[in-house]
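Residue numbers (our numbering): 1 to 78.
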């Protein structure tokens with residue numbers, strides 16, 4: 001199999017890393033709630049993990065606002 005030699009853009013690399021981070025956060029959330037990925041995670045546990053992710057997003061957005069981040073390149077939502 002030939003490896004693709006096309007380099008990724010910074011955005012593509014960032015998105016790959018973001019996907020890995022999201023997966024790791026989901027796995028850790030399940031572990032904290034007492035579930036492994038060996039069996040399906042119950043819906044109520046999935047809802048708790050999604051709620052926690054939303055709270056994290058809201059908290060980080062508030063921190064960015066409080067810090068007065070005026071750099072558009074550093075803005076998560078640009």
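We put the CB at the ideal spot given by N, CA and C, even for glycine. Quick caveat: nothing in here was measured; it's all calculated off a predicted structure.
Which residues in the same chain have their Cβ closer than 6 Å to the Cβ of residue i, if we skip the five residues on either side of it in sequence?
| i | result |
| --- | --- |
| residue 1 | Summary for residue 1: the model assigns pLDDT 44, below 50, so the residue's position carries little reliability; its value from the coordinates is reported in the next sentence. Within the same chain, residue 1 has no close Cβ partners at all. |
| residue 22 | none |
For residue i, collect the residues of the same chain with a Cβ closer than 7 Å to its Cβ; drop the 5 residues on either side in sequence, then sort them by chain order.
| i | result |
| --- | --- |
| residue 37 | 27 and 30 |
| residue 41 | 30 and 35 |
Does DSSP classify residue i as helix, strand or coil?
| i | result |
| --- | --- |
| residue 34 | coil |
| residue 29 | helix |
| residue 61 | helix |
| residue 19 | helix |
| residue 54 | helix |
| residue 1 | With a pLDDT of only 44 at residue 1, under 50, the local geometry of the prediction cannot be trusted, and the value read off the model is given with reservation. The answer is coil: DSSP assigns residue 1 none of H, G, I, E or B. |
| residue 41 | coil |
What is the C-beta distance between residue i and residue j, in whole angstroms, given that I count them as a contact (C-beta under 8 Å)?
| i | j | result |
| --- | --- | --- |
| residue 53 | residue 25 | 7 Å |
| residue 64 | residue 48 | Actually they are not in contact, since the Cβ atoms of residue 64 and residue 48 sit about 25 Å apart, beyond 8 Å. |
In its own chain, which residues sit with a C-beta less than 8 Å from the C-beta of residue i, not counting the 5 before and 5 after it?
| i | result |
| --- | --- |
| residue 66 | none |
For the ligand FAD, I want to know if residue i counts as a neighbour, meaning its beta carbon is within less than 6 Å of at least one of the ligand's heavy atoms.
| i | result |
| --- | --- |
| residue 18 | Among the components modelled here there is no ligand, and therefore nothing to report on the ligand FAD. |
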